[in-house]
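For reference, the structure discussed in these notes is given below.
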Amino acid sequence: MIARLPPHETKNEPCELFLARLEKEGFQGEIARDHAVRTVLATDNSIYQRLPQAAVFPRNVQDVELLARLAALASFSSVVLTPRGGGTGTNGQSLTSGVVVDLSRHMHGILEINVEERWVRVQSGVVKDQLNAALKPHGLFFAPELSTSNRATIGGMINTDASGQGSCTYGKTRDHVLALSTILIGGERLDSAVLERDCWQAQAHRDDKVGAIYRCASQIAHDYAELIEHTFPKLNRCLTGYDLAHLREPNDRFNLNSVLCGSEGSLGFIVEATLNVLPIPKYSILVNVRYAGFMDALRDAKALMQLEPLSIETVDSKVLGLAMNDIVWHGVAEYFPQDPDVPTLGINLVEFSGDDEEVVQLRVHEFVRHLQQDTSVVRLGHTLAIGAEALKRVYAMRKRAVGLLGNVKGSARPQPFVEDTAVPPENLADFIAQFRALLDSHGLEYGMFGHVDAGVLHVRPILDMKDPAQAALIQTISDAVAELTQKHGGLLWGEHGKGLRSQYVPDYFGELYPALQELKSAFDPYNQLNPGKIATPHTLPDARLTRVDEVTLRGELDRTIDERVWLHYDAAVHCNGNGACYNFDPDDAMCPSWKGTRNRIHSPKGRASLIREWLRLQGQQGVDVLVSQGARPLAATVISFARRAANTVAHKMGQKDFSHEVYEAMAGCLACKSCAGQCPVKVNVPDFRSRFLELYHSRYLRPLKDYLIGSLEYTIPYLARVPRLYNGIIGSGMVGAFLRRVAGMVDSPLLSLLNFDDVCRRWKVRVASPVLLEGLDEAQRKRSVILVLDAFTRYFETPLLADWIELISRLGFEVYIAPFAANGKPLQVQGFLKAFEQAAHFNARSLRELHQYQIPLVGLDPAMTLVYRQEYVKTLGEDQAPAVLLPQEWLVEVLVQSAVSADEGTYYFLPHCTEKTNEPGSVGLWQTIYARVGLRLQVQASGCCGMSGTYGHETQNAETSEVIYRQSWGPLVARLNGAGRLLADGYSCRSQVKRKDGQLVLHPLQALLRFLRDTATPSSGC
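Quick note: the sequence shown uses the UniProt record's numbering, first residue 1, plus one each step.
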């Protein structure tokens, strides 16, 4: 099972010498040569896969200057360097076979905010939403609005001259760049801004590289002026890549930033940017217009633009249908009512914004009146989303379009390669009609969404890239679409950069292309910066642009994976690289390990990439990863142990196996399942992680902690018989040292000392059994509930379980408890899949036997309870998995509206991350329940607590667990936990707060119980 690297992967000697020199000269950042990091950086959100030689992560500007200075040495002139930001490009802009220079890991500081003059200065790794979060308290924002705004870096936006929604009003990134700091090959720093004539001429007289660049650029602007005017299109999305049309500005001013914006890292390393920012509009209304046909939506948009809205965004039926099955639909369904007789096949999202509420409302009123009176297009109706929060929810659905299209069923998926065409808006409908006819002629389906106000529509043909015949259509369709855009006065690359589609540049620019080459030569004479894209330096006549069909496609590598394996690991292999998991927001649950480490191998996208590569290598070496790892005879077990022990020793002595790199990434996963709920493609890391761990440990010994964690549910009932003795032993210094040094555990929770039998006697709780339940009549069953216990709240947090029983009893219900049995979640998380399957079968059979009496089964901890509807369903099948409710799902059915209006202040709720991302509707049920008794409950935006089961207890994760906690939960606890008003329903979460801050956080049902006690609410009143 050793995943050896391909024999053809040889070391690049100049590159190795360059990296060694970099280390020797004092490079402060990280240098990564390992296959895992390179594999993760080999893909972006495109169809390509290009393995870099190495990756470097500069810590500061001095690091960038050092590597740029060394690269200029004659001995390193063949070293290729490619800057990378968020890595969300759709055209392979940051993919390279050279060295990746990742400017996002460390260089993400917001350096200065000038509120009075409305500008900011930032490092290139700052994420767009991160910047806007910092600007929001000042009433300001950075305008270009991207669908990838929660992970796209400012450096990446500048390098692609990004635009997006609202560009007809706000323009492109270039329109908001005041100044740039760029490190040139050679290490010189170019500080560029709009310059008056005297200033830019002074720059052109400098006797250095900066002077040479200004002389070249100004000469191009002068010599090619007429050709530039004729060639560059008069479009909102006028061009990405060497925008010569805006070098010369009115009054003979000169703006070198016009060519740096959109240069895709081919001219230098942009390290800092000064940007202008705008006041946030005070009032916003979004009109959501529905159509029976997508072409109706497109044609209507042309007329709607005459009413001058801020923006018009269009979504087709395929994206809309996928959104309906996504977590995002929970928040937007009210705005898109569905008529079963006339389905919605297209929508236009039309925004009006401003600072005067009356003016905005009047404009919307006039717009709605137009919709009612105009009959040129059949509309199905419209809704209004009013206010920033409502708009945010609707746009969240639109922003997920890229990812959602990757979640269609089957091997054929929408592919990005001709998906940012731009044509004059008045030509868009006809252009799209011919575009669709082209795709129809090849028998292809497709998905569409985009910015119709700017003449940009993102069209993604659906192809199975593992099929060589379908993959071959990439070149054919690209050629045809490039020609079609020119026919309609547009261009192939209107928004997302040229990247690996640069082969069409010479044809498009014609006589002007040599000017692009001259500019490239002035900046990068040896073609070391992201070569093969946009233009080649004229100083190297043999250099050429990379063709669409000569870079490895991901599908080429994927087709080497056995189809059975592909289907078995579909939770990983269908990751389309959209990067939603790179979400910067610390108060969002998506992938806490990525946020805690900023290492992309510790992200769902990274882990999915590693599993794909690992499966590919296993297949190359003839390893069947589908072989069952079930029970063996004793002799075989002994032999297996000896073999695994020998392999483990070999690993300790330096044996190379890619599996170890994959293991590092998997071991860092919290198994919180936020990815499974929030990823638009539903990449479920805990699912394939557990399978990998099972296979990995069939070759290498498991750490002792795995056995301690996996057996916890089985051993703890026996240990709980002597809780004081157990707690004393666990709390001793000797055992603590053993746990840390041998078992790999920082600590272990202590058993509760509350006698659960006393609780059961007090509230007349009985153990449920078929004999007992059989004797209940229908009325008694309706007033009964069966609690499904989990090991954590039963043995470590018994007082909570006691409160739960009391609350149910006060509501007038008889409480039964199901006989305790291992749920199996710890086994599943650690990859003991055969043992988990056995536990699931045993537990499910017992619970189904109880459920036949039509008495609700209710759990307590969300992470444990959701296992029944997730992992049990996958393992046993939907018909065999028991239906176990979350507490709020049961309470909302039995708790009636109270006549009492309480004035108890507000409670603040931090939901468990698995619950809020996989069952988002269940979180709001707590608010409904509290409202029924007259209490206010406010759900707080929060990330992960950093515990997630036993993750935070493990030595290897202790540091990252602390970082994760301090990113989101720590500040929230400090701010909100006064007077016991902070609530959390996850056992792990409450445990983590107690460990880190020594504070008690209540479960929502405990605060509810306290209120009912204080108000002496009779059971009949509930």
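Cβ coordinates follow ideal geometry from the N, Cα and C atoms, glycine included.
DSSP, read as helix, strand or coil, puts Gln475 in helix.
Between Ser181 and Ala204, the beta carbon gap of about 19 Å keeps them out of contact (Cβ cut-off 8 Å).
DSSP assignment within the segment 923–970 yields the following whole alpha helix (DSSP H) runs of 4 residues or more, N-terminal first: 958–967. Taking the C-beta atoms as reference points, Thr793 is found no nearer than 7 Å to Tyr582. Cβ contact annotation for Arg766 (same chain, cutoff 7 Å, sequence separation greater than five): Leu772 and Tyr816, in chain order.
By the beta-carbon neighbour count (other beta carbons within 10 angstroms, threshold 16), Ile639 is exposed. As for any beta strand (DSSP E) of minimum length 3 sitting wholly inside the segment 646–704, there is none. Here the segment 182–189 does not lie against the segment 238–248, with fewer than 3 beta-carbon pairs under 8 Å apart. The shortest CA-to-CA distance from Val933 to any of Pro971, Pro887, Ala1007 and Met864 is the one to Ala1007. By the Cβ criterion, the segment 914–925 is not in contact with the segment 989–1009, since fewer than three pairs of Cβ atoms, one from each stretch, lie closer than 8 Å. Here Pro819 has Val767 and Ser846 as same chain residues with Cβ atoms under 7 Å from its own Cβ, once five neighbours each way along the sequence are excluded. In this structure Arg612 touches Val573 by the C-beta definition: roughly 5 Å separates them, less than 8 Å. Just measuring C-alpha positions, the residue of Ile462, Val394, Gly490 and Val364 sitting nearest Ile477 is Ile462.
Thr344 sits in coil when the DSSP states are folded into three classes, being neither helix nor strand. Where Val408 is concerned, there is no enclosing beta strand (DSSP E), because DSSP gives it neither an H nor an E. Looking from the CA of Glu919, the closest CA among Pro586, Val963 and Tyr868 belongs to Tyr868.
Under DSSP, Ala54 shares a beta bridge with Val99. For Arg547, DSSP records no beta bridge to any residue. Pairing Thr906 with Gln938 gives a Cβ-Cβ distance under 7 Å.
Thr182 sits in a strand when the DSSP states are folded into three classes. DSSP places Gln123 in no alpha helix (DSSP H) but in the uninterrupted beta strand (DSSP E) bounded by Trp119 to Gln123.
Taking 4 residues as the shortest admissible run, the segment 465–519 contains the following complete alpha helix (DSSP H) segments, listed from N- to C-terminal end: 468–471, 473–487 and 505–509. The way I'd put it, the segment 300–319 does touch the segment 348–364; three or more beta-carbon pairs between them come closer than 8 Å. Cα atoms of Leu712 and Asp44: separation of roughly 40 Å, rounded to the nearest angstrom. Taking a cut-off of 8 Å for Cβ pairs, the segment 611–625 and the segment 671–684 do not touch, as fewer than three such pairs fall below it. Only residues of its own chain outside the window of five on either side were considered, and among them Ser922 and Leu925 have a CB closer than 7 Å to the CB of Glu889, listed in chain order. Per DSSP, Arg995 is not a residue of any beta strand (DSSP E); the alpha helix (DSSP H) it occupies stretches across Tyr987 to Asp997.
A residue is called buried once 16 or more other Cβ atoms fall within 10 Å of its Cβ, and Met745 is buried on that count.
Three or more Cβ pairs drawn from the segment 588–600 and the segment 661–670 lie within less than 8 Å of each other, which places the two stretches in contact. If you draw a straight line from the Cα of Tyr718 to the Cα of Gly710, it comes to about 15 Å. The DSSP assignment places complete beta strand (DSSP E) segments of no fewer than 3 residues inside the segment 291–371 at 311–316 and 346–354, in order along the chain. The Cβ atoms of Val481 and Val418 lie closer than 7 Å to each other. Contact annotation: the segment 558–565 does not touch the segment 518–535, with fewer than three C-beta pairs closer than 8 Å. Per the DSSP secondary-structure output, Gln165 pairs in a beta bridge with Glu145.
The C-alpha of Leu610 is placed about 10 Å away from the C-alpha of Arg616. Of the other Cβ atoms in all chains shown, fewer than 16 fall within 10 Å of the Cβ of Gly510; this residue is therefore exposed.
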